[in-house]
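Below is one structure, written out as structure tokens, with a few remarks after it.
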Amino acid sequence: MTAAAHPADAHGVIHVVGARENNLRGVDVDIPKRRLTVFTGVSGSGKSSLVFGTIAAESRRLLNETYSAFVQGFMPSTSRPEVDVLSGVTSAIVVDQERLGGGPRSTVGTITDASAYLRTLFSRRAEPHVGGPGAYSFNVPSVSAAGAITVKKGGKTLAEKADFSRVGGMCPRCEGMGNVSDLDLTELYDGTKTLSEDPFTIPGYTGDGWNVRIIRESGFMPPDVPIQDFTARQREDFLYKEPTKVKIGDVNLTYEGLVPKIRKSMLSKDRDQMQPHIRAFVDRAVTFITCSDCAGTRLAEHARTSLIDGVSIADVSALPVTDLRDWVAGLDDEGVGPLLANLRALLDAFVGIGLGYLSLDRPSGTLSGGEAQRTKLVQHIGSALTDVTYVFDEPTVGLHPHDISRMNELLLELRDKGNTVLVVEHKPETIEIADHVVDLGPRAGRDGGELVFEGDVEGLRSSGTLTGRFLAARNRLKETVREPSGVLEIRGASTHNLRDVDVDVPLGVLTVVTGVAGSGKSSLIHDSLPRDADVVMVDQSPIRGSRRSNPATYTGLLEPIRKAFAKANGVKPALFSANSEGACPVCNGAGVTYTELGFLETVESVCEECEGRRFQASVLEHTLGGRSIADVLEMSVAEARELFSDGEAKVPAAARILGHLDQVGLGYLTIGQPLTTLSGGERQRLKLATHMGDKGGIYVLDEPTSGLHMADVEQLLALLDALVDAGRSVIAIEHHQAVMAHADRIIDMGPGAGQHGGTVVFEGTPAQLVAERAGLTGEALAQYVGA
Numbered sequence: 001m002t003a004a005a006h007p008a009d010a011h012g013v014i015h016v017v018g019a020r021e022n023n024l025r026g027v028d029v030d031i032p033k034r035r036l037t038v039f040t041g042v043s044g045s046g047k048s049s050l051v052f053g054t055i056a057a058e059s060r061r062l063l064n065e066t067y068s069a070f071v072q073g074f075m076p077s078t079s080r081p082e083v084d085v086l087s088g089v090t091s092a093i094v095v096d097q098e099r100l101g102g103g104p105r106s107t108v109g110t111i112t113d114a115s116a117y118l119r120t121l122f123s124r125r126a127e128p129h130v131g132g133p134g135a136y137s138f139n140v141p142s143v144s145a146a147g148a149i150t151v152k153k154g155g156k157t158l159a160e161k162a163d164f165s166r167v168g169g170m171c172p173r174c175e176g177m178g179n180v181s182d183l184d185l186t187e188l189y190d191g192t193k194t195l196s197e198d199p200f201t202i203p204g205y206t207g208d209g210w211n212v213r214i215i216r217e218s219g220f221m222p223p224d225v226p227i228q229d230f231t232a233r234q235r236e237d238f239l240y241k242e243p244t245k246v247k248i249g250d251v252n253l254t255y256e257g258l259v260p261k262i263r264k265s266m267l268s269k270d271r272d273q274m275q276p277h278i279r280a281f282v283d284r285a286v287t288f289i290t291c292s293d294c295a296g297t298r299l300a301e302h303a304r305t306s307l308i309d310g311v312s313i314a315d316v317s318a319l320p321v322t323d324l325r326d327w328v329a330g331l332d333d334e335g336v337g338p339l340l341a342n343l344r345a346l347l348d349a350f351v352g353i354g355l356g357y358l359s360l361d362r363p364s365g366t367l368s369g370g371e372a373q374r375t376k377l378v379q380h381i382g383s384a385l386t387d388v389t390y391v392f393d394e395p396t397v398g399l400h401p402h403d404i405s406r407m408n409e410l411l412l413e414l415r416d417k418g419n420t421v422l423v424v425e426h427k428p429e430t431i432e433i434a435d436h437v438v439d440l441g442p443r444a445g446r447d448g449g450e451l452v453f454e455g456d457v458e459g460l461r462s463s464g465t466l467t468g469r470f471l472a473a474r475n476r477l478k479e480t481v482r483e484p485s486g487v488l489e490i491r492g493a494s495t496h497n498l499r500d501v502d503v504d505v506p507l508g509v510l511t512v513v514t515g516v517a518g519s520g521k522s523s524l525i526h527d528s529l530p531r532d533a534d535v536v537m538v539d540q541s542p543i544r545g546s547r548r549s550n551p552a553t554y555t556g557l558l559e560p561i562r563k564a565f566a567k568a569n570g571v572k573p574a575l576f577s578a579n580s581e582g583a584c585p586v587c588n589g590a591g592v593t594y595t596e597l598g599f600l601e602t603v604e605s606v607c608e609e610c611e612g613r614r615f616q617a618s619v620l621e622h623t624l625g626g627r628s629i630a631d632v633l634e635m636s637v638a639e640a641r642e643l644f645s646d647g648e649a650k651v652p653a654a655a656r657i658l659g660h661l662d663q664v665g666l667g668y669l670t671i672g673q674p675l676t677t678l679s680g681g682e683r684q685r686l687k688l689a690t691h692m693g694d695k696g697g698i699y700v701l702d703e704p705t706s707g708l709h710m711a712d713v714e715q716l717l718a719l720l721d722a723l724v725d726a727g728r729s730v731i732a733i734e735h736h737q738a739v740m741a742h743a744d745r746i747i748d749m750g751p752g753a754g755q756h757g758g759t760v761v762f763e764g765t766p767a768q769l770v771a772e773r774a775g776l777t778g779e780a781l782a783q784y785v786g787a
């Protein structure tokens, strides 16, 4: 339950008693208000469960309850967190690493106020004048002819002038997308075949199906002439003919050209909702080309040709924010002073937070988790709100050590305005600025969920906890480095901001690619490695999965386990799937049931039929090694590995996958827990585990330390060493100094971000980088090792 205010609230604390979300074991803690509190502990220790799953979740729920029942009916329902007492909570603003959505027209400029400011500026200053701010927006449909207003006086027409009052700025051809889709005709059919020879390579277009029969018997094309020999008229009818009524046998049907028919039936659907074979076809057959009308700017002609000092809104939106800031600084304030002041402050915030290399026209969906979080933070800098609770999820993710100091300044700035700032973080630089530290552990999963330290930073250093020991330890460079067995040549790399880069990437060693955010690291490795190289990419794209998805289903572990259960019991494997025949009929294998209460909150409760175990009772009677399938899914990785490695329950395929999970430090994880409950670090390592058995000779990891505690980073380094010692090459794009210090070779990109980066500023060993103090990375690593 959530109790009434506790006397401690008078002293300005958030009072938590008996927090039990996920793996928390009845945690009691008082968190000071209007202070900066950092929550530490290994990945999976319970930090997120306490901060996000308990405090922020209850704040959101209580705020929702202030609305009328009618309004609540339109809001997402949230259940009460598992906690005995939670008092002193204020309104929470969560700034997390969830990727930014907003649709295909959403950009960095549209999700902040920056584009709105620019549109208003151009509507006031640009020549020729084309109307209000909407005339410069690619989200507002434009009109081919602006129309006219008839000016009359005394019944006489005095003049007619263009009406721009309701004109939008959207390019009519691409509808504000900047590109148009184009079908590769060679992927639709074999031109050497006739319509009677089943020429189509489109899903559902088989020789005996209605789709092909309508085309073949329409009368517009000869059925026995190769498609490549059609006349111009026949080809036009075959590919592009408008819908036309035809009679096939005794049935009246509609014939339509192949291209518009495919666009309507397949390309109009959300890719994620397509069946796998349709999605594969679309990925193969559809290409996106830059819109020729707007040259990719998304804007109609009137918006592109309305200029300030010779530049359009498209021109300035394409500039890196650092350059846009300089352009805005050169404008005079006459008539638009307050507008320019707000725009300058916003652009300063972008630069100060390490995002000066972004452009406002960058699609928001292409931002990394760290970039997305910092973009959200930009919206709160300068906010007039006070006495609210800001909740951050590892705000230093994706930041070079040089940029972390500015992030720390912003966190302290929010605190000094009278706000409570709660930060889940692993980086020592941010832990050290905390007013208060809450350390959870002692380990992860079932071995975590306890409060192991609460106090100031100095107390944490001497506390003896895992975090305290690593915080107090002295860091050093690796004593000896491996020699490369060869090199992978990159020549003339010019993707994005790369400046015709030539570099030899060492093979047979651990190579770390460093540099500030936006310096060109990912462009160099992801986009410039030879395509024929034997590469396994482990990037930071999010793991897709519902509450039904778990480590066992994601890694493919459940498949050999189901087959082993089926063989041992003489039944079908489908019985041992909670998403198939074996599912509990009441909850359909979800383990919980949902009760709709009309306009009130939807209640989630454990299924009474299966008691949360997800399977039919008859299925649970079948066992393997004395365990039911539900028992197995409730085991940790380490327990399951022991079960399937030997004895009557020996399943080598399952043991091998479980070994990979153990190897990446996930031995504590319950194999059947929903993916939605995993922390960021756990999801990253889960993805790496799925590639551990790949045969690739080169492993490319994109910031593998994201979400990892200092102790987890040490374990990760041991894993990377094991990969290299097994004959593989490992390339890590990374900011963490511990990984830099452990590298055999470093390639540092820079010197700055965006157009100020894109060159190799250092190649060599970590010791050489420290000795030379080369660039920002050299200075950061030298400080880290105390050189």
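Numbered according to UniProt numbering, the sequence shown spans residues 1 to 787. Beta carbons: idealized from backbone N, C-alpha and C, even for Gly.
(message) Buried or exposed for E458, going by 16 or more other Cβ atoms inside 10 Å?
(response) Locating residue 458 in the sequence shown gives position 458, counting from the first residue. Looking at its Cβ environment, which holds fewer than 16 other Cβ atoms inside 10 Å, E458 is exposed.
(message) Suppose you measure from the CA of T40 to the CA of D439; what does that come to, to the nearest Å?
(response) Translated into positions along the sequence shown, residue 40 becomes position 40. Translated into positions along the sequence shown, residue 439 becomes position 439. Approximately 5 Å, taken between the alpha carbons.
(message) For P652 and E559, what's the separation of their Cα atoms in angstroms?
(response) Counting from 1 along the sequence shown, the entry for residue 652 is found at position 652. Counting from 1 along the sequence shown, the entry for residue 559 is found at position 559. Their Cα atoms are separated by approximately 12 Å.
(request) Less than 8 Å between the CB atoms is what I'm expecting for Y390 and A753, so what's the real figure, rounded? (result) Locating residue 390 in the sequence shown gives position 390, counting from the first residue. Locating residue 753 in the sequence shown gives position 753, counting from the first residue. Actually they are not in contact, since the Cβ atoms of Y390 and A753 sit about 26 Å apart, beyond 8 Å.
(message) Let me confirm a value: E772 is counted as buried when at least 16 other C-beta atoms fall within 10 Å, else exposed. Which label applies?
(response) Numbered from 1 along the sequence shown, position 772 holds the residue referred to as residue 772. That one is exposed.
(request) Rounded to whole angstroms, what's the CA-CA distance from A280 to M266? Just pull it up for me. (result) Position 280 of the sequence shown holds residue 280. Position 266 of the sequence shown holds residue 266. Going from the Cα of A280 to the Cα of M266 covers about 12 Å.
(request) Take F599 and list the residues in its own chain whose beta-carbon comes closer than 7 Å to its own, dropping the five residues that flank it on each side. (result) Sequence index remark: in the sequence shown, residue 599 carries index 599 (1-based). Bear in mind that the predicted position of F599 carries a pLDDT of just 45, short of 50, making it too unreliable to give a figure here.
(request) Report yes if the C-beta distance between P530 and G508 is below 8 Å; otherwise report no. (result) Counting from 1 along the sequence shown, the entry for residue 530 is found at position 530. Counting from 1 along the sequence shown, the entry for residue 508 is found at position 508. No; because the gap between Cβ atoms is not below 8 Å, this pair is not in contact.
(request) Please check the pair G120 and L399, which I expect to be a contact at CB under 8 Å, by giving their CB distance rounded to whole angstroms. (result) Within the sequence shown, numbered from 1, the residue matching residue 120 stands at position 120. Within the sequence shown, numbered from 1, the residue matching residue 399 stands at position 399. In the sequence under discussion, the amino acid at residue 120 is Thr, which differs from the Gly named in the question. That pair is no contact at about 32 Å.
(request) Go to D712, then tell me how far its beta strand (DSSP E) extends in each direction, as first and last residue. (result) Stepping through the sequence shown from its first residue, residue 712 is reached at position 712. Segment M710 to D725 is the alpha helix (DSSP H) holding D712; no beta strand (DSSP E) there.
(message) Measuring straight from C-alpha to C-alpha, what distance separates E58 and P81?
(response) Counted from its first residue, the sequence shown places residue 58 at position 58. Counted from its first residue, the sequence shown places residue 81 at position 81. Rounded to the nearest angstrom, the two C-alpha atoms are 6 Å apart.
(request) Would you check if the distance between the CB atom of A732 and the CB atom of V785 is smaller than 8 Å? (result) Your numbering for residue 732 matches position 732 in the sequence shown. Your numbering for residue 785 matches position 785 in the sequence shown. The answer is no: Cβ separation not under 8 Å.
(message) With distance defined between alpha-carbon atoms, name the residue in F138, H426 and V130 nearest to S106.
(response) If you number the sequence shown from 1, residue 106 lands on position 106. The shortest C-alpha separation from S106 is found at F138.
(message) Alpha carbons only, please: which of Y136, T194 and L781 is nearest the one belonging to I313?
(response) Looking up residue 313 in the sequence shown gives position 313. Comparing Cα-Cα distances from I313 to each of Y136, T194 and L781, the minimum goes to Y136.
(message) Could you check whether D28 and G12 sit closer than 8 Å to each other, using their CB atoms as the reference points?
(response) Looking up residue 12 in the sequence shown gives position 12. Looking up residue 28 in the sequence shown gives position 28. Contact flag unset, no.
(message) Our contact map puts S43 next to H709 with C-beta atoms below 8 Å; I'd like the distance itself, whole angstroms only.
(response) Indexing the sequence shown from 1 puts residue 43 at position 43. Indexing the sequence shown from 1 puts residue 709 at position 709. With 8 Å as the limit, S43 and H709 qualify as a contact, their Cβ atoms being about 6 Å apart.
(request) Identify, in the order they occur along the chain, each residue of the same chain with its Cβ nearer than 7 Å to the Cβ of M407, setting aside the five sequence neighbours on each side. (result) As a first step, residue 407 is located in the sequence shown; it is residue number 407 there, counting from the start. Closer than 7 Å at the Cβ level, and outside the excluded window around M407, lie I353, P395, T396 and L399.
(request) Indicate whether G131 and V167 have their beta-carbon atoms separated by less than 8 Å. (result) On the sequence shown, residue 131 is found 131 positions in, with the first residue counted as 1. On the sequence shown, residue 167 is found 167 positions in, with the first residue counted as 1. Yes, the Cβ-Cβ distance between G131 and V167 is below 8 Å.
(request) Just list the alpha helix (DSSP H) runs in the segment 334-411, keeping only unbroken ones of 4 residues or longer that don't cross its boundaries, in chain order. (result) 337-352 and 369-380
(message) Can you list, in chain order, the residues of its chain with a C-beta nearer than 6 Å to that of L658? Leave out the 5 residues immediately preceding and following it.
(response) In the sequence shown, residue 658 corresponds to position 658, counting from 1. Cβ neighbours of L658 beyond the five flanking positions: V637, A640 and R641.
(request) Find the nearest neighbour of S645 within the set E413, A564 and E608, judged by alpha-carbon distance. (result) In the sequence shown, residue 645 corresponds to position 645, counting from 1. The candidate whose alpha carbon is nearest that of S645 is A564.
(request) Using alpha carbons as the reference points, say which of V388, D387 and E432 lies closest to E409. (result) Residue numbering aside, residue 409 sits at position 409 when the sequence shown is read from its first letter. Cα-wise, what sits closest to E409 is E432.
(request) On a CA-only basis, which of L347, A116, W327 and L299 is nearest D309? Give me that one, please. (result) Counting from 1 along the sequence shown, the entry for residue 309 is found at position 309. Per the Cα distances, W327.
(message) Would E648 and G625 qualify as a contact pair, given that the criterion is a beta-carbon distance under 8 Å?
(response) Against the sequence shown, residue 648 aligns to sequence position 648. Against the sequence shown, residue 625 aligns to sequence position 625. Taking 8 Å as the Cβ cut-off, E648 and G625 qualify as a contacting pair.
(request) Starting from Y67, trace the alpha helix (DSSP H) both ways and give me its first and last residue. (result) Walking along the sequence shown from the start, residue 67 turns up at place 67. Neither: Y67 is in no alpha helix (DSSP H) and is coded neither H nor E.
(message) Less than 8 Å between the C-beta atoms of L460 and V424, yes or no?
(response) For this step, residue 460 is matched to residue 460 along the sequence shown. For this step, residue 424 is matched to residue 424 along the sequence shown. Not in contact: L460 and V424 (Cβ atoms no closer than 8 Å).
(request) Please classify S115: does DSSP put it in a helix, a strand, or coil? (result) If you number the sequence shown from 1, residue 115 lands on position 115. Correct three-state label for S115: helix.
(message) Helix, strand or coil, according to DSSP, for G757 in the structure here?
(response) Against the sequence shown, residue 757 aligns to sequence position 757. Three-state result, G757: coil.
(message) Taking 7 Å as the limit between beta carbons, can you name the residues of its chain near K264, skipping five residues before and five after?
(response) Reading the sequence shown from its first residue, position 264 is the one you call residue 264. Closer than 7 Å at Cβ, skipping near neighbours: no residue.
(request) Please confirm whether R216 and P223 have their CB atoms less than 8 Å apart. (result) On the sequence shown, residue 216 is found 216 positions in, with the first residue counted as 1. On the sequence shown, residue 223 is found 223 positions in, with the first residue counted as 1. In contact: R216 and P223 (Cβ atoms closer than 8 Å).
(message) Could you pull the DSSP bridge partners for D439 from this structure?
(response) Residue mapping note: residue 439 aligns to position 439 of the sequence shown, counting from 1. Per DSSP, T40 and F453.
(message) Starting from H660, trace the beta strand (DSSP E) in both directions and tell me its first and last residue.
(response) Counting from 1 along the sequence shown, the entry for residue 660 is found at position 660. Element bounds for H660: not the beta strand (DSSP E) but the alpha helix (DSSP H), P652 to Q663.
(message) With a threshold of 8 Å, are at least 3 pairs of Cβ atoms found where one atom belongs to the segment 745-762 and the other to the segment 490-498?
(response) yes
(message) For residue 790 and P32, I'd like the C-alpha separation in whole angstroms.
(response) Only positions 1 to 787 of the chain appear in the structure, and residue 790 is not among them; the question remains open.
(request) Measuring alpha carbon to alpha carbon, tell me which of R443, S383 and I404 ends up nearest residue 832. (result) Examination of residue 832 is not possible in this model, given that the chain is present from 1 through 787 alone.
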